[in-house]
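Data block below; observations after.
There are 6 protein chains.
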Amino acid sequence: MHVCVAAVRVNGVPCKDPATVTPDDFFFAGVDRPGSAASRRYGFTALPVQIPGPNTLGASHTRVDVAPGAVFPPHYHPRASETAVVLDGAVYFGFVTSYPDNRVYAKVFRKGDVFAVPQGLVHFLYNNGTEPAALYATLSSQNPGLVILADALFGAGFPDDLLAKTFLTDLDTAHKIGAKFRS
Amino acid sequence: MHVCVAAVRVNGVPCKDPATVTPDDFFFAGVDRPGSAASRRYGFTALPVQIPGPNTLGASHTRVDVAPGAVFPPHYHPRASETAVVLDGAVYFGFVTSYPDNRVYAKVFRKGDVFAVPQGLVHFLYNNGTEPAALYATLSSQNPGLVILADALFGAGFPDDLLAKTFLTDLDTAHKIGAKFRS
Amino acid sequence: MHVCVAAVRVNGVPCKDPATVTPDDFFFAGVDRPGSAASRRYGFTALPVQIPGPNTLGASHTRVDVAPGAVFPPHYHPRASETAVVLDGAVYFGFVTSYPDNRVYAKVFRKGDVFAVPQGLVHFLYNNGTEPAALYATLSSQNPGLVILADALFGAGFPDDLLAKTFLTDLDTAHKIGAKFRS
Amino acid sequence: MHVCVAAVRVNGVPCKDPATVTPDDFFFAGVDRPGSAASRRYGFTALPVQIPGPNTLGASHTRVDVAPGAVFPPHYHPRASETAVVLDGAVYFGFVTSYPDNRVYAKVFRKGDVFAVPQGLVHFLYNNGTEPAALYATLSSQNPGLVILADALFGAGFPDDLLAKTFLTDLDTAHKIGAKFRS
Amino acid sequence: MHVCVAAVRVNGVPCKDPATVTPDDFFFAGVDRPGSAASRRYGFTALPVQIPGPNTLGASHTRVDVAPGAVFPPHYHPRASETAVVLDGAVYFGFVTSYPDNRVYAKVFRKGDVFAVPQGLVHFLYNNGTEPAALYATLSSQNPGLVILADALFGAGFPDDLLAKTFLTDLDTAHKIGAKFRS
Amino acid sequence: MHVCVAAVRVNGVPCKDPATVTPDDFFFAGVDRPGSAASRRYGFTALPVQIPGPNTLGASHTRVDVAPGAVFPPHYHPRASETAVVLDGAVYFGFVTSYPDNRVYAKVFRKGDVFAVPQGLVHFLYNNGTEPAALYATLSSQNPGLVILADALFGAGFPDDLLAKTFLTDLDTAHKIGAKFRS
């Protein structure tokens, strides 16, 4: 069979011997329940679908749960476009177009709704309702990457004067925001 | 915005004027319910997700419902790999590797299970249980194509002697099977 | 030289040391005669052109011979389009478009004729004349794959009830056809 | 000649008649001087190289000037990797790896130094010296896109509560920073 | 059918209405005989296979005939690798690796032999025997391009001093060779 | 970080352990001065930018210096298009379109001018002035390849009769030119 079944989930690893491939190499269970590892800062939970078989198939999938009041803050995927279907609940979703427009496309999505995000654009989820929301997201790469904007800006150790200039603010404000990301 | 929002759903059409793009161009509703157009022959229902925005994003999505006793018979997509998550019920799913192995990978999938099919390989769904089954399928192309094997073999008007030789059978058997596909 | 000359014919293997590359790594002989390994079931012979050098060049070639009365039954290549030129004799060739059209494009091809098959579509060769036919086929991938429809349906061990539903026929007919593929 | 010379600079437009193509279609002048349109907010100047000929060649180029004290604030290109050579002066440059590492790679670059940024990663320029700095940047796409993080976050009209949650801060701080971007 | 059948042979033209597509759109006749338009300078004949259907299939084909004593002089294809099978006769074929090796891989090829040329490398055909030779060549692009080195050097109007420096020779020799290409 | 930092500069090698990656893996110094290894035959100097980090980023860069009276003789890159900016001095640059046009696009380029060359087309640099010229060239591949036409024709050991036929000249002239390339 002309399929590379990886022994580990990173793309590019040596393939499993085809003689030892089983149906389970193309299978993953548990997307009907939230994942267990919630973001400490933001309260969302991401459960990645890990199937050894599709390592070279050019797609990956994640179940995302967002509790009431929680956000999956503005982020993007450097190497993938995304679509997602709402499995349960409702969530305020939006994405922002690139420079110089910075135009936001946003609305509340409910169970059975599907939305799409072009490759590399900033998008967010905000559960501003009272019920838990669950989504099933598809990314057009097996190695899409994730950049959370606030983490990249305040969690990487940028000098305060660069941050102040970036946000058109003073050194003190920049430093105070950064403190939350250093703790 | 660097996204081609098509006015019609065929890939390659002229793009919508960016100034007239709205959130709804990236949105589709109704995946929480089965589609309405069931296959007359096989009893499955396919509801394609039609979003104008992701016309160039390299993916497409379909909700598939399979009633008890119904099949989505052996088929393949010439231009896409596939993954699918079971939304409700259970279904016997499998795919077949290529020549000369013709090895089948199959098992029953239940709610929350995900499976993957490499590009162009034959696969099927069979609801051999008693509850309706629903799936959400993702294809790695906005124009994946679909070939149903039995339709291609018996619905295209092949001469009976070619079909008899193909199935290692007699002209009469080939002709009788074909009759069902011509009516 | 920026060419990966593989030691074995599978794509992706470690490359031969460029210092040991010779003209023979880019050469194959014998396409002027039929191959020796005829299909037991169908009577066609396929002689693959095996050149170590073009392992990464994105094409592969095969000489195909079809004896009078023999077929290369309906099949497709999951990862390649195909063109072929008739070297000798004549052959009835056709391909079928995808769902929902299932339209067949077919005619008799003679020496010096060339035909083309889009990627992943079902096609066949049938020598319904009295002279041997020979073709030289080009596939747009070094790893095109091959799926013979009848083998995938009856040679993979599908349950009889799935096959009966697939062909709109009874269990007995499905079982009888399958017996030929199990022997 | 098999080159699409576009009449306008957007990729995908109808090509110029090859008979009317001239050397100037493959030529651009002025990269030896800064561009004239400085960013009002940040003080950097970008001069895009606009050559009609290479519309389909998969690369684009920009001269960037950063005055002492000015920044090209954290940004990324959704569809391109980047390399740049320093033509004059010195500049503090860095990029940040993706989640969950958020590791920064940064140092001062001087005349004749070249740096590279993987596709889609956040990077910045900060002239923390006393001389003007000039760079010549190459992007691996003719349509790379640009997202400036602060603009996407504060210039798109996100609700203040989303911004407060994103930056782990209070509504008032979020609102005050946003005010600068709304004026 | 998801195939673009072009009305003219240039890639990118508007597609034919699928309803008017016929088997002949995927068919070409005459490869069993030499083409009629021999090169005035070199004596080879090239007969391109022109099939409207495979306009987007990523391959093209040409029958090449080389009379005894004639050459298809050193040339390359900017956008394709090549393989070719000898249909009749014998021909001395070779290709040259790139800088700095400039290593030649060459030998005499006879009926039924196949050779391969990596993308963009210089290659030639020389019939140094007494029988006409015929080949069937496959290029891995529908728009491979052709550059004949001597034509590019002497047929484009380069100044004589550039040519003299290029060939490490004197102005007079450069001018004399060029005269043959200007007549 | 999802970047392959190669230990050696050839594409495809095993990646460096991400934990040992440093800013210097994305950095190269010295483009403000000419390289040291001038071509013995032609007098140009090429200084390749060697950055381990961008091994998989799809681009490469070279500083090229051409002394007064020197040439970078007609050559092409089999796997890349090129753009270049003039850093200092002036140079006569041109490229030639493919068969059958062989049309030359050429003019003198000065400091701050940028030119573009479509993939695989023949181009040259000729410093016919009195000042040294320096350029910074960008190629759209990390493995673009280089073929110098005169070297490929006269440095690979082609038989004299093939060369004579190629240049429409006599054996003696072909042999004499070749002698310069064999010494």
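Protein sequence lines, in the order shown, are assigned to chains A, B, C, D, E and F. First residue of the first sequence: 12, per our numbering; consecutive thereafter. First residue of the second sequence: 12, per our numbering; consecutive thereafter. First residue of the third sequence: 12, per our numbering; consecutive thereafter. First residue of the fourth sequence: 12, per our numbering; consecutive thereafter. First residue of the fifth sequence: 12, per our numbering; consecutive thereafter. First residue of the sixth sequence: 12, per our numbering; consecutive thereafter. Here a beta-carbon is modelled for each residue, glycine too, at the ideal position from N, C-alpha and C.
DSSP places Lys118/A inside the beta strand (DSSP E), whose first and last residues are 115 to 121. The way I'd put it, the region 67 to 82 of chain C does touch the region 43 to 59 of chain C; three or more beta-carbon pairs between them come closer than 8 Å.
With contacts defined as CB atoms closer than 8 Å, Ala144/E and Val102/E qualify as a contacting pair. Think of a sphere of 7 Å around the beta carbon of Val75/A: no beta carbon from chain B falls inside it, the nearest being about 13 Å out.
Neighbours of Gln61/A in chain D, taken as residues at a C-beta separation under 9 Å, are lacking, since the least C-beta distance is about 17 Å. Residue burial annotation: Thr177/B is buried, with at least 16 other C-beta atoms found within 10 angstroms of its C-beta. Taking a 10 Å sphere around the C-beta of Thr149/F, we find 16 or more other C-beta atoms and assign the residue as buried. Secondary-structure assignment with DSSP links Pro59/A through a beta bridge to Thr73/A. According to the DSSP assignment, His186/F belongs to the alpha helix (DSSP H) that extends over 182 to 193. Relative to the Cα of Ser92/C, the nearest Cα in the group Arg74/C, Gly123/C, Pro45/C, Val133/C belongs to Val133/C.
Look at the beta carbons and you see the region 31 to 51 of chain E touching the region 109 to 127 of chain C: at least three pairs across the two are nearer than 8 Å. Membership of Leu136/E in the beta strand (DSSP E) is indicated by the continuous run 133 to 137. When 8 Å is used as the limit between beta carbons, Ser92/E is near these residues of chain C: Pro65, Leu68, Gly69, Ala70, in chain order. The Cβ of Ser151/F sits closer than 8 Å to at least one Cβ of chain D. Take the alpha-carbon of Ala49/E and the one of Ser194/C: they are about 56 Å apart. When rounded, the separation of the alpha-carbon atoms in Val75/E and Gly41/E is 12 Å. Shown here, Ala101/B sits in a strand according to DSSP, grouped into three states.
For Leu164/A, the nearest beta carbon of chain D is closer than 8 Å to its own beta carbon.
Taking 7 Å as the cut-off between beta carbons, the residues of the region 23 to 46 of chain A near chain B are Pro34, Phe37, Phe38, Phe39, Ala40, Gly41, Val42, Asp43, Arg44, in sequence order. Per DSSP, Thr177/B is one residue of the alpha helix (DSSP H) stretching across 171 to 177. By the neighbour-count criterion, in which 16 or more other beta carbons inside 10 Å mark a residue as buried, His186/E falls on the exposed side. With a 10 Å radius around the Cβ and a threshold of 16 neighbouring Cβ atoms, Thr141/B comes out exposed. In the assembly as shown, Leu182/B is an exposed residue. Its beta-carbon has fewer than 16 other beta-carbons within 10 Å.
Under the three-state reduction of DSSP, Leu150/D is assigned to strand. With at least 16 other beta carbons inside 10 angstroms of its own, Ala163/D counts as buried. Note: Ala95/E is bridge-paired with Phe126/E, Ala148/E in the DSSP secondary-structure output.
Annotation: the continuous alpha helix (DSSP H) that includes Phe165/E extends over 160 to 165. Pro34/A sits in a helix when the DSSP states are folded into three classes. Pairing Tyr147/D with Ala95/D, the inter-Cα distance amounts to about 5 Å. In this structure, DSSP gives Pro29/A a helical state, which the three-state scheme calls helix.
At a cut-off of 8 Å between beta carbons, Tyr137/E contacts chain F.
In this structure, DSSP gives Val42/B a state outside helix and strand, which the three-state scheme calls coil. DSSP, reduced to helix, strand and coil, places His86/B within a strand of the structure shown.
In terms of CA proximity to Gly166/C, Phe106/B leads the group Phe106/B, Thr184/B, Gln153/B. Spanning the alpha carbons of Phe169/F and Phe104/E requires a straight line of approximately 11 Å. The straight-line gap separating the alpha-carbon atoms of Leu58/F and Val77/A is approximately 53 Å.
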